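Undergrad: To start, I am sharing the structure in question, which I have written as structure tokens.
In the working numbering, the protein residues as written are 232 to 419.
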């Protein structure tokens with residue numbers, strides 16, 4: 232795995248990435264034997280950081296279905312994986328995009344300290360204020376909530392009657408993130 236990552240990094244030096252994407256790749260390899268837990272027996276998952284333009288894999292970690300026994304982490308597992316994947320590269324000025332399994336407000340702030348920006352969907356609890364969760368939003372409309380303390384923007388969109396999508400961003404600091412539909416702005 233390390234040789235593959237080194238070879239892809241060598242290929243990637245010419246590509247100049249604009250952003251990073253953290254995503255899952257589920258292999259179709261069947262794993263047999265009792266030494267692995269049941270979640271691995273249907274294939275291995277590999278957490279990767281990929282260039283957004285060229286789709287080259289820059290770094291990868293196999294995910295075994297749970298954290299290692301010797302792990303002494305105190306943070307969210309998704310945050311731990313993203314920080315580990317982006318730690319050994321000098322990617323200052325790049326943008327990390329990820330889904331809500333990896334996302335958290337502490338992760339976005341940690342990446343901001345390292346000189347990277349973050350955009351991604353985020354789960355509603357525990358990072359979003361209750362007032363933002365319960366406000367009425369018409370279908371197809373959005374509400375942008377800006378947090379001055381952490382300098383982050385949260386956009387809440389309602390695509391249908393039963394669903395809300397929350398997007399956390401450390402790079403959008405003006406209320407023009409949403410286009411074509413009306414956006415209400417709240418500042419806290």
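Every residue, glycine too, gets a C-beta built ideally from N, C-alpha and C. The structure presented is a predicted model; accordingly, all values stated were derived computationally and were not measured.
Quick one: Cα of residue 386 to Cα of residue 379, how far?
TA: Within the chain shown, numbered from 1, the residue matching residue 386 stands at position 155. Within the chain shown, numbered from 1, the residue matching residue 379 stands at position 148. Those two C-alpha atoms are separated by around 14 Å.
Undergrad: CA-CA distance, residue 323 and residue 338?
TA: Within the chain shown, the letter at position 92 stands for residue 323. Within the chain shown, the letter at position 107 stands for residue 338. Each residue's Cα considered, the two are about 15 Å apart.
Undergrad: Which residues in the same chain as residue 315 place their Cβ atom closer than 7 Å to its Cβ, once the five residues preceding and following it in sequence are excluded?
TA: Your numbering for residue 315 matches position 84 in the chain shown. For residue 315, where only same-chain residues beyond five positions count, the Cβ hits under 7 Å are 292.
Undergrad: Decide if residue 268 is buried, meaning its Cβ has at least 16 other Cβ atoms within 10 Å, or exposed.
TA: Sequence index remark: in the chain shown, residue 268 carries index 37 (1-based). Confidence at residue 268 is low in this model, with a pLDDT of 49, below 50, so its placement is unreliable and the value that follows should be read with caution. Burial call: exposed.
Undergrad: Below 9 Å between beta carbons: does that hold for residue 383 and residue 342?
TA: Start at 1 with the first residue of the chain shown, and residue 383 comes out as number 152. Start at 1 with the first residue of the chain shown, and residue 342 comes out as number 111. For residue 383 and residue 342, no; Cβs fall outside 9 Å.
Undergrad: Flag this pair as yes or no: are the beta carbons of residue 334 and residue 399 separated by less than 9 Å?
TA: On the chain shown, residue 334 is found 103 positions in, with the first residue counted as 1. On the chain shown, residue 399 is found 168 positions in, with the first residue counted as 1. The answer is yes: Cβ separation under 9 Å.
Undergrad: If you reduce the DSSP assignment to three classes, tell me which class residue 318 lands in.
TA: Locating residue 318 in the chain shown gives position 87, counting from the first residue. Looking at residue 318 - three-state DSSP - the assignment turns out to be helix.
Undergrad: Out of curiosity, what's the CA-to-CA distance linking residue 331 and residue 367?
TA: To locate residue 331, count along the chain shown from 1; it is residue 100. To locate residue 367, count along the chain shown from 1; it is residue 136. About 22 Å.
Undergrad: Return the CA-CA distance between residue 282 and residue 313, expressed in angstroms with no decimal places.
TA: Against the chain shown, residue 282 aligns to sequence position 51. Against the chain shown, residue 313 aligns to sequence position 82. The straight-line gap from Cα to Cα measures roughly 14 Å.
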